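Undergrad: So for the sequence shown, the numbering used here puts the first residue at 901; every next one is plus one.
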Amino acid sequence: MSVPTELGYTAKHEWVAVEDGIATVGITSFAAESLGDIVFVELPEVGSEVTAGEPSGEVESTKSVSDIYSPVSGEVVEVNGSLEDAPETINTAPFEGGWLFRARLAEEPSGLLSAEEYTKLTEGEE
């Protein structure tokens, strides 16, 4: 399982990268592997507000439907439109082409786990 050290993580298996006040959000490889083959993604709309810890979309796999919880609060400025035609990108490249949305931060994210903390969390769930 890949856990890039430069990212922040949530206990609900989302990752976040912040650059110049914009947060890029996705789900982790652990979540993608646990879900199985992802067949559909519902993302927030550009211009909508997301709130840290609240649902901001859904990921549907051959196994189940899971909420996506935003790790940040702010305004959605971009969504990954390529996932509409190729949601399986989340399975194959969750930290690269499989990102979900970008949001302009309303405040600095808090309560995120480091890569080391996230790895310890997931070791108990495997």
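For each residue, glycine too, the CB sits at the ideal point set by N, CA and C.
Values in this document were obtained by computation on a predicted structure and should not be read as measured data.
Does the segment 938-950 touch the segment 907-920, meaning 3 or more C-beta pairs lie closer than 8 Å?
TA: In short, these stretches do not touch, since the Cβ pair count stays below three.
Undergrad: Mind checking who residue 1009 pairs with in its DSSP beta bridge?
TA: Residue 1009 is not bridged to any residue.
Undergrad: Just verifying my parser: in three-state terms, what is the DSSP assignment at residue 923?
TA: Strand at residue 923.
Undergrad: Would you list, in sequence order, the uninterrupted alpha helix (DSSP H) runs of no fewer than 4 residues that lie entirely inside the segment 947-1015?
TA: As far as the segment 947-1015 is concerned, its whole alpha helix (DSSP H) runs of at least 4 residues are 982-985, 989-992.
Undergrad: Quick check on the burial criterion: 16 or more other C-beta atoms within 10 angstroms. Buried or exposed for residue 989?
TA: So residue 989 ends up on the buried side.
Undergrad: When burial is assigned at 16 or more other CB atoms within 10 Å of the CB, is residue 921 buried or exposed?
TA: Label assigned to residue 921: exposed.
Undergrad: Can you tell which of 957, 962, 967, 974 has its C-alpha closest to the C-alpha of residue 980?
TA: Cα-wise, what sits closest to residue 980 is 957.
Undergrad: Could you give the distance in angstroms between the alpha-carbon of residue 1004 and the alpha-carbon of residue 1012?
TA: Whole-angstrom Cα-Cα distance: 17 Å.
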